[in-house]
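Heads up: the structure comes next, in structure tokens.
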Amino acid sequence: MSSFLLRHVKLTQPQLALMLQHQCRVEASTSSSASIVQHTPVVLDNTKPPPPLDADRMRMHPRIGNREIVGYGLKGKPEYFDLVMFPCPSIRWEADIPAIAELRKKEKGDWKQLSVEDKKKLYRASFRQTFEEFTAPSGVWKWTMGWTLISLAGLIMAYDAWRRVAYNIERPDSFSDEKLKKQLQYHIAARQGPMTGLSSKWDYETGTWKK
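Note that UniProt numbering has the sequence shown beginning at 1, numbered continuously upward.
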């Protein structure tokens with residue numbers, strides 16, 4: 001039954017079949033590991049599990065595609081971040097292509113053989129932005145300030161329009177020119193403000209305003 005299952009898994013999911021074969025070898029080696037350790041001074045470490053990168057790649061492959069996993073990452077997951085506090089993401093930015101693969105082979109040798117353009121391509125294949133790029137000011141505050149002022153102007157205009165409609169009432173008759181003249185005559189006759197006020201500017205002898 002197990003051999004039939006293993007053959008079926010090989011046909012459908014080869015990577016999962018490799019993991020199952022490794023698990024079978026681990027179970028087989030654990031039963032005889034004690035006797036081997038007692039009689040032989042050098043023991044091959046058959047119980048060591050495979051690196052977790054293969055499992056991560058199988059689990060995250062639909063999302064990361066063919067990008068190489070190069071480290072642990074920020075949270076132990078194959079994710080890409082441009083962060084100052086964590087400058088080394090766990091995966092490369094671009095997927096592996098033949099041109100980049102050739103440059104990576106040259107990268108292992110003498111860097112004097114690489115041109116400036118090759119070095120830039122290698123950098124852009126691993127990282128999306130440089131430190132200067134992802135730490136540069138974004139200018140979002142200008143957009144925020146602009147829309148804030150526009151919204152404030154709209155609210156003021158809406159309030160002014162509402163005020164003109166809500167307070168559209170007739171002015172009292174005391175605001176008429178005739179009433180205002182009578183009020184002025186009363187203030188002069190009552191001698192209001194004789195020092196610095198209205199009466200100080202009125203000449204009571206001639207009955208005219210002082211020049």
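C-beta: ideal position from N, C-alpha, C; glycine also.
Asked                                                                                                         : Found
Per-residue burial, Tyr-204 [other beta carbons within 10 Å of its own, 16 or more giving buried]             : exposed
Whole-angstrom distance between Gly-146 and Glu-178, CA atom to CA atom                                       : 49 angstroms
Inter-residue spacing [alpha-carbon to alpha-carbon] between Ile-169 and Thr-135                              : 58 angstroms
Per DSSP, the bridge partner or partners of Thr-208                                                           : Asp-203
Stretch-stretch touch, CB-based, cutoff 8 angstroms, three pairs: the region 105-118 with the region 75-88    : no
Under 8 angstroms between C-beta atoms of Ser-90 and Gly-65                                                   : no
Trp-162, buried or exposed, once every other Cβ within 10 Å from all chains shown has been counted against 16 : exposed
Which of helix, strand or coil DSSP assigns to Ile-91                                                         : strand
Distance, Glu-132 Cα to Lys-142 Cα                                                                            : 20 angstroms
With 16 other Cβ atoms within 10 Å as the buried cut-off, status of Arg-164                                   : exposed
Pair within 8 angstroms by beta-carbon distance, Asp-160 and Gln-129                                          : no
Inter-residue Cα distance where the pair is Ile-150 and Asp-173                                               : 40 angstroms
Secondary structure of Ile-69, DSSP reduced to three states                                                   : strand
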